[in-house]
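A.B. asks: Using my numbering, the letters of the sequence shown map in sequence onto residues 1068 to 1360. Take a look at this one; I'll ask things after.
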Amino acid sequence: MSNSLNDIKRRLSSVKQTKQITNAMYLLSAARLKQEMLGMDYIISHIDALRRSMGDILAQNTGAALHNTYFEISPKGTRLYMSILGDKGLCGGYNSDVAMLTLEKLRETPGAEVFCFGQIGANFLKSKGITVNKVFPGSSMHPEFSLAKEISEDLIENYLTDRINEVYVIYTPYAQSGRQKCVCARLLPFLYEDFSDMGHKKPDELRYEPNATDVFKGMAPFYCASLLYDMLMQSSASENAARMESMLSACDNADEMISELATQLNEVRQLTITNEITEISAAAEARKKERTE
């Protein structure tokens, strides 16, 4: 009986320690999510400002050179997929959903290149026999605009030289309500509809130096970098939200186990006490009979 009592105590202590860890991870993910929400609000306003300015230029510039450069798919080059996953697990189906969608897209497009943000995606694709061209470990947990800018400048250069003709990003947009769902979004070439909904100023209200085309070409890498950085921020927020949900579920399960183990512990204690009382009573009766004899 004492062994059973000690076993339950050890299990109860272990579950309580596990709950402390999962609760700490929940609080850490919540703090990171709050910080990323502030960053997303800023980058969204920044993207809208860039989109508005670029939309004004497109509305005024009717030349084919600018439009063909950034808005048409070249027959040369290869397609590039950039997959944004995490470097850690314990976040439900977040990583597996993105990994499976990436694998699906790569099977549909033989010969496509793939970049991975986060080590988990790279390890998964390599286990499937797929060559990962570049890996950026740690970038999904701590997104930095400097990295997004560096990658975007390289993408623009390869796109303009026709080495790459399309760039898609597979990531999980953050949703405040409902289940996070991964998507495959185009990064390059640009889409006209991305700028059509912005209010355009009249041509005589704007003047660009040295000219509108050069200004647009200078803004394009920053716009691309801002979009990529926003996707990294959205993915990081989604990962932390998924980890919060997973850790909250783990805490709830731990509470149930603690309640069950506490009930078992009380039952064993009561049984132990009952047995001890029974033994004492039996011993007292035995002594009483000895005295009467």
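Using N, Cα and C, we set each Cβ at its ideal position, and we do this for glycine too. The model shown is predicted, which means the values in this text are computed figures rather than measured ones.
With distances taken Cα to Cα, identify the nearest neighbour of Gly-1178 among Arg-1246, Ser-1207, Tyr-1148 and Ile-1111.
C.D. replies: Nearest of Arg-1246, Ser-1207, Tyr-1148 and Ile-1111 to Gly-1178, Cα basis: Tyr-1148.
A.B. asks: Under three-state DSSP, which class holds Val-1199?
C.D. replies: Reduced to three states, the DSSP call for Val-1199 is coil.
A.B. asks: Mapping DSSP to helix, strand and coil, what is Tyr-1361?
C.D. replies: Summary: the structure shown does not reach residue 1361, with the chain confined to residues 1068 through 1360, and so no result is reported for it.
A.B. asks: Tell me, to the nearest whole angstrom, how far the beta carbon of Leu-1299 is from that of Phe-1182; I am working on the premise that it is less than 8 Å.
C.D. replies: So it is not a contact: roughly 12 Å between Cβ atoms.
A.B. asks: In the DSSP assignment, find the alpha helix (DSSP H) that holds Tyr-1161 and state where it starts and stops.
C.D. replies: Unbroken alpha helix (DSSP H) run through Tyr-1161: 1161–1175.
A.B. asks: How long is the line joining the alpha carbons of Ile-1347 and Ser-1071, rounded to whole angstroms?
C.D. replies: So the two alpha carbons sit approximately 22 Å from each other.
A.B. asks: Might you give, ordered along the chain, the residues of its own chain that have their beta carbon closer than 7 Å to the beta carbon of Asn-1027, omitting 5 neighbours on each side?
C.D. replies: Residue coverage of the chain in this structure runs from 1068 to 1360, which leaves residue 1027 outside it and unanswerable.
A.B. asks: Helix, strand or coil, according to DSSP, for Arg-1078 in the structure here?
C.D. replies: The answer is helix: DSSP assigns Arg-1078 an H, G or I state.
A.B. asks: Whose CA, out of Gln-1127, Cys-1249, Leu-1192 and Arg-1078, lies closest to the CA of Ala-1279?
C.D. replies: Residue Gln-1127 is the option with its Cα nearest to Ala-1279.
A.B. asks: Can you tell me which of the three DSSP states Met-1208 falls into?
C.D. replies: Note: Met-1208 maps to coil in three-state DSSP.
A.B. asks: Taking just the CA atoms, how far does Cys-1251 sit from Gln-1337?
C.D. replies: Roughly 60 Å between the two C-alpha positions.
A.B. asks: Can you tell me whether Ile-1011 is helix, strand or coil according to DSSP?
C.D. replies: Outside the shown range of the chain (1068 to 1360) lies residue 1011, about which nothing can therefore be said.
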